[in-house]
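Asker: Residue numbers (this note's numbering): 48 to 179.
First the structure, which I've put down as structure tokens, then a few questions once you've had a look.
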Amino acid sequence: MSKIEYSEEEWKEKLTEEEFRVLRQKGTERAWTGELLNNYETGLYTCAGCGNELFKSDTKFDSACGWPSFFEPIKKDSVKYHLDKSFGMTRTEVTCGACGGHLGHVFHDGPPPTGDRYCMNSVSLKFHKTSD
Ligand code: FE
Numbered sequence: 048m049s050k051i052e053y054s055e056e057e058w059k060e061k062l063t064e065e066e067f068r069v070l071r072q073k074g075t076e077r078a079w080t081g082e083l084l085n086n087y088e089t090g091l092y093t094c095a096g097c098g099n100e101l102f103k104s105d106t107k108f109d110s111a112c113g114w115p116s117f118f119e120p121i122k123k124d125s126v127k128y129h130l131d132k133s134f135g136m137t138r139t140e141v142t143c144g145a146c147g148g149h150l151g152h153v154f155h156d157g158p159p160p161t162g163d164r165y166c167m168n169s170v171s172l173k174f175h176k177t178s179d
């Protein structure tokens with residue numbers, strides 16, 4: 048997939064204020080407020096910044112953490128990983144593999160088959176319903 052790059056000004060035009068704050072400035076939406084938190088319809092989750100396909104609905108689970116959670120991305124290179132030592136914690140940040148937008152973090156207390164919990168901001172994702 049090709050790398051997508053825009054200037055800060057171009058991103059500001061493309062995104063809502065909240066999308067810009069989360070995707071481009073590594074913000075976090077308030078827990079339990081995300082639009083997609085309790086969405087369990089069948090479909091596909093793409094990057095709100097660039098449309099890159101990120102997660103399938105059958106990998107979404109209720110983690111009770113306040114953010115939409117998935118146990119694996121669609122493809123290994125759908126996302127990228129970065130060591131994040133901000134706020135006095137050591138976490139693994141997850142960004143979009145195509146545009147670099149901030150999605151959330153991955154933790155290793157998820158369910159089988161992967162044991163991973165991709166804790167994502169709703170605002171970084173767009174849901175596309177598919178007929179199952
Ligand atoms: Fe993206």
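C-beta atoms are modelled at their ideal positions from N, C-alpha and C, and glycine is treated no differently.
All values reported here derive from a predicted model rather than from experimental measurement.
Is the separation between the beta-carbon of S116 and that of L150 shorter than 9 Å?
Answerer: No, the pair does not count as a contact, with Cβ atoms beyond the cut-off.
Asker: What's the gap between the Cα of G81 and the Cα of N168?
Answerer: Those two C-alpha atoms are separated by around 7 Å.
Asker: Can the beta-carbon of S125 be found closer than 9 Å to that of N99?
Answerer: Contact flag set, yes.
Asker: Between I51 and the rest of its own chain, which residues show a CB-CB distance below 7 Å, the 5 nearest in sequence each way excluded?
Answerer: Once the five neighbours on either side are set aside, the close Cβ partners of I51 are C97, A145, C146.
Asker: Give the secondary structure of S133 by DSSP, where H, G and I count as helix, E and B as strand, and everything else as coil.
Answerer: S133 falls in the helix class under three-state DSSP.
Asker: In whole angstroms, give me the CA-to-CA distance for A95 and T63.
Answerer: Taking the straight line joining both Cα atoms gives about 10 Å.
Asker: Is P158 close to chain B, meaning its C-beta is less than 9 Å from at least one C-beta of that chain?
Answerer: Reference to chain B is not applicable here, since this structure consists of a single protein chain.
Asker: For Y92 versus F102, is the C-beta spacing smaller than 9 Å?
Answerer: Cβ distance < 9 Å, so Y92 and F102 count as in contact.
Asker: Just to confirm, are F118 and Y165 a CB contact at a threshold of 9 Å?
Answerer: Contact: yes.
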